[in-house]
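Q: With the UniProt record's numbering, letter number 158 in the sequence shown gets 158, and the count goes up by one each step, no holes.
Heads up, the beta-carbon is just placed ideally off N, CA and C, and yes, glycines get one too.
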Amino acid sequence: MKLLPYKNLFIGITDTLNQVFFHNKYADRELERTLKSNPKWGSKDRGFIAETVYDTVRWKRMIEASMGKDVAEDNLWEFVGTWFVLQDEKLPFWDEFKKLSPKEILKRNHAATDKNFAVRESIPQWMHDLGEKELGNQWKKEVEAMNIPAPTVLRVNTLKIDRKGLKNELRQERIDTEVLSKFPDALQLKEKTNVFRTHSFKDGFFEIQDAGSQLISPYLNVKPGMRVVDACAGAGGKTLHLAALMENKGQIYSLDIHEWKLLELKKRAKRAGAQNIQTKVIDSTKVIKKLEGTADRLLIDAPCSGLGVISRNPDAKWKLSLDFIESIQKEQEKILNDYCKMVKSGGAMVYATCSILPSENQLQVEKFLKNHPEFKLVREKQILPSQSGFDGFYMAYMEKV
Ligand SMILES: C[S@@+](CC[C@H](N)C(=O)[O-])C[C@H]1O[C@@H](n2cnc3c(N)ncnc32)[C@H](O)[C@@H]1O
Numbered sequence: 001m002k003l004l005p006y007k008n009l010f011i012g013i014t015d016t017l018n019q020v021f022f023h024n025k026y027a028d029r030e031l032e033r034t035l036k037s038n039p040k041w042g043s044k045d046r047g048f049i050a051e052t053v054y055d056t057v058r059w060k061r062m063i064e065a066s067m068g069k070d071v072a073e074d075n076l077w078e079f080v081g082t083w084f085v086l087q088d089e090k091l092p093f094w095d096e097f098k099k100l101s102p103k104e105i106l107k108r109n110h111a112a113t114d115k116n117f118a119v120r121e122s123i124p125q126w127m128h129d130l131g132e133k134e135l136g137n138q139w140k141k142e143v144e145a146m147n148i149p150a151p152t153v154l155r156v157n158t159l160k161i162d163r164k165g166l167k168n169e170l171r172q173e174r175i176d177t178e179v180l181s182k183f184p185d186a187l188q189l190k191e192k193t194n195v196f197r198t199h200s201f202k203d204g205f206f207e208i209q210d211a212g213s214q215l216i217s218p219y220l221n222v223k224p225g226m227r228v229v230d231a232c233a234g235a236g237g238k239t240l241h242l243a244a245l246m247e248n249k250g251q252i253y254s255l256d257i258h259e260w261k262l263l264e265l266k267k268r269a270k271r272a273g274a275q276n277i278q279t280k281v282i283d284s285t286k287v288i289k290k291l292e293g294t295a296d297r298l299l300i301d302a303p304c305s306g307l308g309v310i311s312r313n314p315d316a317k318w319k320l321s322l323d324f325i326e327s328i329q330k331e332q333e334k335i336l337n338d339y340c341k342m343v344k345s346g347g348a349m350v351y352a353t354c355s356i357l358p359s360e361n362q363l364q365v366e367k368f369l370k371n372h373p374e375f376k377l378v379r380e381k382q383i384l385p386s387q388s389g390f391d392g393f394y395m396a397y398m399e400k401v
């Protein structure tokens, strides 16, 4: 995008970055807040702010190396200016950019990125070391793929409309979409736009859900009439898909440790016309105990590092830590061991993550199977961003024999 030389847009950008980098806020929510705060901005202005925030968050380490120092609360203008110099843009003659020397920036950029992959691709060193240790040469391909901004993909809510119908509805609202042939319910936006304002969204015709993520619920092989537990349901992305696959017949128990997420799930379920969902907060071990041996199908969409969805959440690169990944792996192990009891004999479960690390995926499942001979691995799938062009996911289907 061409640089838009309006100062208030830059104020919006630097304010948002300040919150993301120094106040631990999430980029998507902060951006939403910034854009809401100035309703007079047109769509071009909004696009400029959103794109600049996401780009500069994504390329933080590379920009810092080119700037010659770490980003700080008092040098955010310099940070953003450095990004535009690297994009070969001419900076406006504002005091904030006075000290920037394009020649120096390019020199430093060349020196820092020439031989250092982690700086060039803008990832923290510890993450690069971990990724290489776990994935070898494959890791670099994934990092490069995850530095490409993610497309927006919709999942058609088949409880209300089919894919062709939704494509037409959106067309009438001047939104062009593309059919993704390998994903039966997916439509990809041709251009980024705010789809939440459309009638189609308000009528519950679709949800935003990455194409890779749309493979998880079908992997559970649910049928109308089944009793299904979605044990880490969150705000319900997979639950809603399960309800559609079950044609609203049978029962889904959507559990999570956070009540606020389940409240959001209920709102979304109402909009989607999904009527076979019951939510329950996991506030004690009794909740799981009550459901022991009752589920035809169990989905464990486990909490994870999110190392498969970095292209969508680039700020995660700077928020994650090795300690967090280690502790979440312990949590995954515990969740698998405790929650598998809900599956009835002859039933099945899917363990899924949005990570590409074997230690959260295949190795976690291997360890589980060793301690649980009553489960058998039937199939597993790893979706890699470098191969699919979408987010990275892992899923394993295990039967209780
Ligand atoms: C990957 S997210 C789930 C996303 C959700 N299934 C969706 O499709 O939108 C993992 C969820 O697990 C929840 N969680 C974390 N620890 C948990 C636990 N011990 N038991 C159940 N849920 C847990 C988190 O609150 C989070 O909502």
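Tell me whether Ile-63 sits in a helix, a strand or coil according to DSSP, three-state version.
A: Helix.
Q: DSSP on Lys-182, reduced to helix/strand/coil?
A: Lys-182: coil per DSSP, three-state reduction.
Q: The alpha helix (DSSP H) spanning residue 441 covers which residue range?
A: The structure shown has nothing for residue 441, since the chain only spans 1 to 401.
Q: Grab the span of the beta strand (DSSP E) containing Met-127 for me, first residue to last.
A: Segment 125-135 is the alpha helix (DSSP H) holding Met-127; no beta strand (DSSP E) there.
Q: Nearest CA to the CA of Ile-300: which residue from Lys-103, Met-342, Glu-366 and Asp-114?
A: The shortest Cα separation from Ile-300 among Lys-103, Met-342, Glu-366 and Asp-114 belongs to Met-342.
Q: What does DSSP give as the partner residues of Gln-172 in its beta bridges?
A: Looking at the DSSP assignment, Gln-172 forms no beta bridge with any residue, so it has no partner.
Q: Pick out whichever of Ser-254, Glu-104 and Thr-34 has its Cα sitting closest to the Cα of residue 410.
A: Since the displayed the chain opens at 1 and closes at 401, residue 410 lies outside it and no answer follows.
Q: Using 10 angstroms around the beta-carbon of Tyr-397, count the other beta-carbons present and answer buried if the total reaches 16, otherwise exposed.
A: The residue in question, Tyr-397, is buried, as its Cβ has 16 or more Cβ neighbours within 10 Å.
Q: Who does residue 403 pair with in a DSSP beta bridge?
A: What is shown of the chain runs 1 to 401, which leaves residue 403 out entirely.
Q: Between which two residues does the beta strand (DSSP E) carrying Ile-300 extend?
A: Run containing Ile-300: 295-301, per the beta strand (DSSP E) assignment.
Q: Inspect the beta-carbon positions of Asp-256 and Leu-263 and report whether they are closer than 7 Å.
A: It is not a contact, given that the beta carbons lie outside the stated cut-off.
Q: Alpha carbon to alpha carbon, how far is Thr-113 from Arg-120?
A: Approximately 5 Å, taken between the alpha carbons.
Q: Quick check on DSSP: helix, strand or coil for Tyr-219?
A: The answer is helix: DSSP assigns Tyr-219 an H, G or I state.
Q: Under the assumption that Asp-55 contacts Thr-34 (Cβ atoms under 8 Å), give the Cβ distance between them as a whole number of angstroms.
A: About 15 Å; that fails the 8 Å criterion.
Q: Based on the DSSP output, what are the partners of Arg-58 in its beta bridges?
A: DSSP lists no partner for Arg-58.
Q: Hey, would you say the C-beta of Lys-266 is under 6 Å away from at least one heavy atom of ligand 1?
A: Not so, every heavy atom of ligand 1 lies at least 6 Å from the Cβ.
Q: If you pair each beta-carbon of the stretch 285-305 with each one of the stretch 346-359, do three or more pairs fall below 8 Å?
A: Judged by Cβ distances under 8 Å, the stretch 285-305 makes contact with the stretch 346-359, as three or more pairs qualify.
Q: Does ligand 1 have even one heavy atom less than 6 Å from the beta-carbon of Ala-235?
A: Indeed, a heavy atom of ligand 1 lies less than 6 Å from the Cβ.
Q: In three-state terms, what does DSSP make of Lys-25?
A: Of the three classes helix, strand and coil, the one that applies to Lys-25 here is coil, per DSSP.
Q: Would you list the one or two residues that DSSP bridges to Glu-207?
A: Answer is Arg-155.
Q: Which residue comes first and which comes last in the beta strand (DSSP E) that contains Ala-396?
A: Start and end: 393-400.
Q: Select from Ala-316, Tyr-394, Ile-252 and Lys-344 the residue whose C-alpha is nearest the C-alpha of Ala-27.
A: Of Ala-316, Tyr-394, Ile-252 and Lys-344, the residue nearest in Cα terms is Ala-316.
Q: Looking at ligand 1, does it come within less than 6 Å of Ile-257, judged from the CB to the closest heavy atom?
A: Correct: Ile-257 has its Cβ closer than 6 Å to ligand 1.
Q: Identify the residues that DSSP records as bridge partners of Ala-231: which are they?
A: BP columns for Ala-231 are empty, so no partner.
Q: Can you tell me where the alpha helix (DSSP H) holding Leu-255 begins and where it ends?
A: Unbroken run through Leu-255 is the beta strand (DSSP E), 251-256; no alpha helix (DSSP H).
Q: Where Trp-59 and Gly-306 are concerned, what is the direct C-alpha to C-alpha distance, given to the nearest angstrom?
A: C-alpha separation (whole angstroms): 18 Å.
Q: Using only alpha-carbon positions, find the residue among Leu-384, Ile-383, Pro-385 and Phe-368 that is nearest to Leu-377.
A: Considering only alpha carbons, the answer is Phe-368.
Q: I'd like to confirm something about Ile-161: is its beta-carbon nearer than 6 Å to some heavy atom of ligand 1, or not?
A: The answer is no for Ile-161.
Q: Counting Cβ pairs, one atom from each stretch, are 3 or more of them under 8 Å apart for the stretch 80-90 and the stretch 143-158?
A: These segments do not touch.
Q: For Met-246, which of helix, strand or coil comes out of DSSP?
A: If DSSP states are grouped into helix, strand and coil, Met-246 belongs with coil.
Q: Rounded C-beta distance between Glu-173 and Gln-188? I'm assuming under 8 Å.
A: The pair is not a contact, with the Cβ atoms about 16 Å apart (cut-off 8 Å).
Q: Closer than 6 Å: is that where the CB of Cys-232 sits relative to any heavy atom of ligand 1?
A: Under cutoff, so the answer is yes.
Q: Below 6 Å, is the gap between the Cβ of Lys-290 and the nearest heavy atom of ligand 1?
A: Answer for Lys-290: no, Cβ out of range of ligand 1.
Q: Is it right to say Lys-238 is buried, meaning 16 or more other beta carbons lie within 10 angstroms of its own, or is it exposed?
A: Result: buried.
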